[in-house]
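Presented below is the structure to which this report refers.
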Amino acid sequence: MATRADELIRIADRLGIPPSQRWTSHKTMLLEWDGMEGHLKSLREEGKLKRLAAPEYSTPPAKRAKSVEPTLDSDIKEEILQTIKGLAATSCDWDNLLKDLQTPAPTMKAIQESFSRVCLFISELEKTLQNGNDGNGEGDLDHVIRLVFRAEGLFGSGVEAMDYESKWGQHRDRLSQLFGQPTGKAMEAIFRLRNTPDAFDIILPQIQVLGESPLIRDQVEAFKKIDALLGPLLIVTNVDTASGENGTQE
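For what it's worth, UniProt numbering labels the leading residue of the sequence shown as 1, then goes sequentially.
This is the structure we're talking about:
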C-alpha cells in the first residue's frame, strides 16, 4: 500500500497535477485526481509509467579527490643524493633516506620519516663527540667507541653487540688508514682507558679529535646541508597536512 501510494504521488508530481486537484479515495485510501485512470493507461502504453513511478535517486555528491601527497623536488632530490654519495662513510642511519631518494618520486612524508633517523644520529654525534658531553666530564667510553664504528657503517645495526676488543688492532689500523692517523691514535687512547673510572674528562681532547675527524665531521656537515634544503619544505608540508586534516574533520 505504501509503495503504491508513493508511486501515485510521484506520478502526480511529474504530471504537474496541482495539490488542490488531488484527493484520497475513501475506498482505496490512495491518491486520486480527475482523469487519473486515463493518464495511467496512456503512460503504460507509452512505456513511461514505471519511469515516472520510480523514485528519483539524487546523484551522490562527487567524492572529494584525495589530495596528491607532495613529493620531493627532483633537483633537490638529486642534490641530496649526491651529497650522501659523496661521503666516504655513512652509518646505517642514512640507509632509509638513501633508499627513499633512489625512488622515482619520494613523498615528503617518507623523506621526513627517514631523515628524522639521521637527525637523531647526528644529534648523538654532536652531543657525545663534538660538544664535550656538555662539559660535565661524564660519559661512557665504550659508547664513544661504538658510536665511531656506527658512523663508519661497516657493522650496521649490530655495532652495539660487536666484540671490537678481539680484533682491536685491525679496527684501529683501518680507521687510521681511512680517516687519518689522528683518528686512529685517538681511538687507541680511548680504547686503553675505556675501563678506567672517571676517564672521560681525561680523554676529552681525544674525543674532540674524533669529533673533528673526516668520518664524523663530514656526516655532520652533510646533514646540515641537507637540513637546509629540506627544512623549509618539511615545514610547508606539515602545515598543509594539518590544514588538510582540519578540513576533513569539518
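Beta carbons are placed, not taken as given, at the ideal position from N, Cα and C, and that holds for glycine.
Query: Length of the line joining the Cα atoms of Ser116 and Pro55; Result: 56 Å
Query: Exposure label - Thr3; buried when at least 16 CB within 10 Å; Result: exposed
Query: For Glu152 and Ala161, the rounded distance between their alpha carbons; Result: 15 Å
Query: Residue burial classification, Ile202 (beta-carbon count within 10 angstroms, cutoff 16); Result: exposed
Query: Supposed close pair Leu129, Leu210 - CB separation, criterion 8 Å; Result: 5 Å
Query: Beta-carbon contacts of Glu212 that lie in its chain and below 8 Å, excluding the five residues immediately before and after; Result: Gln130
Query: Touching by the beta-carbon criterion (3+ pairs, under 8 Å), the stretch 77–97 and the stretch 217–226; Result: yes
Query: Cβ neighbour criterion (16 or more within 10 Å) applied to Asp34; Result: exposed
Query: Length of the line joining the Cα atoms of Glu113 and Glu7; Result: 58 Å
Query: For Leu31: DSSP bridge partner residues; Result: Thr24
Query: For Asn131, the first and last residue of its enclosing alpha helix (DSSP H); Result: No alpha helix (DSSP H) contains Asn131, which DSSP labels as neither H nor E.
Query: Buried or exposed by the 16-neighbour rule on C-beta atoms within 10 Å, applied to Gly38; Result: exposed
Query: Coarse secondary structure for Thr107, derived from DSSP in three states; Result: strand
Query: Residue from Val144, Phe200, Gly156 whose Cα sits closest to the Cα of Thr183; Result: Val144
Query: Alpha helix (DSSP H) segment containing Glu160, residue limits; Result: First-last for Glu160: undefined, no H or E at that position.
Query: Reference Asp100, options Leu120, Gly86, Leu15, Ser74, closest by Cα; Result: Ser74
Query: Residue interval of the alpha helix (DSSP H) (run including Glu188); Result: 181–192
Query: Sub-8 Å separation of Leu72 and Pro106 beta-carbons; Result: yes
Query: Where the alpha helix (DSSP H) containing Glu79 begins and where it ends; Result: 74–85
Query: Whether Ile80 touches Leu229 by CB criterion (8 Å); Result: yes
Query: Classification of Gln170 by the beta-carbon crowding that lies within 10 angstroms, buried from 16 upward; Result: exposed
Query: Close-in-space but distant-in-sequence residues of the same chain around Arg150 (CB under 6 Å, 5 per side omitted); Result: Ser91, Val159
Query: Straight-line Cα distance separating Arg172 from Lys185; Result: 8 Å
Query: For Thr196, the nearest candidate out of Val148, Gly139, Tyr164 (CA to CA); Result: Gly139
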